Each structure stands twice: as structure tokens, then as C-alpha cells.
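Numbering (full-length UniProt numbering), first residue to last: 1 to 209.
Below: one structure, written as C-alpha cells.
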Amino acid sequence: MSYYPPTYEGQAFTCPYCDAYAQMDWKCWAESPYFTIVEMATCKHCNKASFWFGSAIPEVAGKIMFPLVTSAPMPHPDMPDDVKADYLEARDVLPYSTRAAAALIRLALQRLCIHLGKSRKIDKAIGELVQDGLPQGVQRALDAIRIIGNESVHPGELQDDDIDKSVGSMFELLNFIVEDRIARLKKIDSIYESLPEGKLKGVEQRDRK
Numbered sequence: 001m002s003y004y005p006p007t008y009e010g011q012a013f014t015c016p017y018c019d020a021y022a023q024m025d026w027k028c029w030a031e032s033p034y035f036t037i038v039e040m041a042t043c044k045h046c047n048k049a050s051f052w053f054g055s056a057i058p059e060v061a062g063k064i065m066f067p068l069v070t071s072a073p074m075p076h077p078d079m080p081d082d083v084k085a086d087y088l089e090a091r092d093v094l095p096y097s098t099r100a101a102a103a104l105i106r107l108a109l110q111r112l113c114i115h116l117g118k119s120r121k122i123d124k125a126i127g128e129l130v131q132d133g134l135p136q137g138v139q140r141a142l143d144a145i146r147i148i149g150n151e152s153v154h155p156g157e158l159q160d161d162d163i164d165k166s167v168g169s170m171f172e173l174l175n176f177i178v179e180d181r182i183a184r185l186k187k188i189d190s191i192y193e194s195l196p197e198g199k200l201k202g203v204e205q206r207d208r209k
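Spelled out as C-alpha cells, the structure:
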């Protein structure tokens with residue numbers, strides 16, 4: 001199921017309670033004579049309500065206040081289980097700590113490289129994948145996750161604001177890597193194996209020659 005992150009005054013999004021993509025019924029929950037303080041969005045599927053900051057405080061206006069939810073996408077269906085465990089943990093902590101989420105996504109990438117049969121050292125693993133013919137776009141995605149994840153736990157050139165802005169894309173990049181390195185090849189194998197047996201034997205004989 002596709003994930004549609006909750007958005008302020010959105011008419012429909014993925015409910016933070018029941019995970020259904022549902023319509024939302026918005027109304028003012030608390031207000032002053034001049035500003036809307038809190039707005040409430042009620043899910044028409046489970047009838048539970050989320051609460052959002054209104055216009056009273058510009059710094060947080062339009063942000064969800066309860067329950068805390070993540071805007072990160074769900075993991076790719078073909079993501080290995082151990083990688084997915086770290087990914088989901090990163091997704092859960094994202095509303096509380098972007099640095100912790102970035103570090104966990106980096107760990108998930110390291111596990112993915114090991115799953116692909118590469119070095120346990122992530123920088124070396126990326127180099128090995130490049131030698132295998134890794135496309136430049138995927139290599140850049142890998143290095144982006146590695147660098148942001150490293151900076152989240154070690155003082156460096158990236159500031160906290162930079163990590164805050166970048167961590168969301170790390171989830172998308174990891175899903176992209178799974179799609180390229182696992183799902184795409186899986187689809188190719190599935191199509192190839194569906195060919196008539198006689199044709200497959202012909203290919204095998206050609207390759208032996």
C-alpha cells in the first residue's frame with residue numbers, strides 16, 4: 001500500500017492510527033479571538049483524531065502535534081528483513097531525532113551491502129559495487145547515505161540543520177538502492193525463467209560455446 005504522509009488541512013492521507021488512506025474531516029478544536037490555536041482532523045475510516053498547530057505560533061503553524069508521526073515512506077517490499085528492521089526503527093524515531101534516524105539508515109545500508117555479498121566496511125563495499133558496474137546514480141545514493149549517516153554521529157562539516165533537511169531523502173535513497181540492486185534483477189530473472197524451456201536450453205548451449 002502506498003504511503004501518503006499526513007499534511008496540514010489535507011483532504012486525505014494515510015491515517016497515523018489505522019494506516020488506511022482515508023478522507024479527513026477538519027474542524028477547529030481550540031481557538032482565540034484572533035488565531036486558530038489547534039485544529040483537529042478526524043479519520044473517516046477509524047474515527048480517531050489527530051491534532052495540529054494552527055496559526056497562533058508561526059514557528060510550528062501547520063505541524064502535527066499529536067500523535068507524532070513520520071513522513072518517511074514505508075520500506076521497499078523486497079528489502080531484506082534485517083535491513084528492514086533498522087529501516088523501520090529509523091522511521092519510528094524520525095519525529096524525535098533526525099540524527100538517530102540518519103545513523104540507523106546508515107546501519108541499514110551497511111547491512112544491505114553485506115546482504116549483497118560485499119565488505120562489512122561500508123566505504124569499501126561501495127567501491128566493490130562500483131567495480132561490479134554499479135550505475136553512477138546508485139553509487140551517489142549510497143555515498144549520500146554513508147556521509148550523512150557518518151556526520152550524524154561524528155562532528156564534521158554538516159550542521160544539525162543540514163541533517164534535518166537531508167535525512168528524509170535517505171529513506172527514499174535506500175528504497176531506490178533496493179529497487180536497483182534487488183527488485184530490478186528479481187524482475188528480470190522472473191521474466192527470463194518464464195520463457196519456454198526449449199529456448200532456455202538454446203541459450204545455455206550458446207553460452208557454453
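We put the beta carbon where it would ideally sit given N, CA and C, even for glycine.
These figures come from a predicted structure and were not determined experimentally.
task = Starting from I64, follow the beta strand (DSSP E) in both directions and report where the run begins and ends.
result = I64 to F66
key: Local conformation of L158 per DSSP, three classes   = Because the pLDDT at L158 is just 48, under 50, the model does not fix this residue reliably, and the value given afterwards should be weighed accordingly. The answer is coil: DSSP assigns L158 none of H, G, I, E or B.
inquiry  = Measuring alpha carbon to alpha carbon, tell me which residue in L112, M24, V69 and A41 is nearest A85.
reply    = L112
ask   = So, do the stretch 67-76 and the stretch 85-105 have three or more beta carbon pairs nearer to each other than 8 Å?
value = yes
task = Along the beta strand (DSSP E) that carries T7, what are the first and last residues, could you check?
result = It is not in any beta strand (DSSP E) - T7 carries neither H nor E in the DSSP assignment.
request  = For L185, count neighbouring Cβ atoms within 10 angstroms of its own Cβ and tell me buried if that reaches 16, exposed if not.
outcome  = exposed
ask   = K124 bridges to which residues according to DSSP?
value = Bridge partners of K124: none, in fact.
query = Out of D81, E193, L142 and P58, which has the shortest C-alpha to C-alpha gap to D180?
reply = L142
message = When you compare the CB positions of L174 and A100, do they come within less than 8 Å of one another, or not?
response = no
message = Here's the rule: buried if 16 or more other CB atoms are within 10 angstroms of the residue's CB, otherwise exposed. What is M24?
response = buried
message = Output needed for Q110: all residues of its chain with C-beta closer than 6 Å, excluding positions within five of it in sequence on either side, in chain order.
response = I122
ask   = Between I147, T98 and D82, which lies nearest to L116 when the distance is taken from Cα to Cα?
value = L116 has its Cα closest to that of D82, out of I147, T98 and D82.
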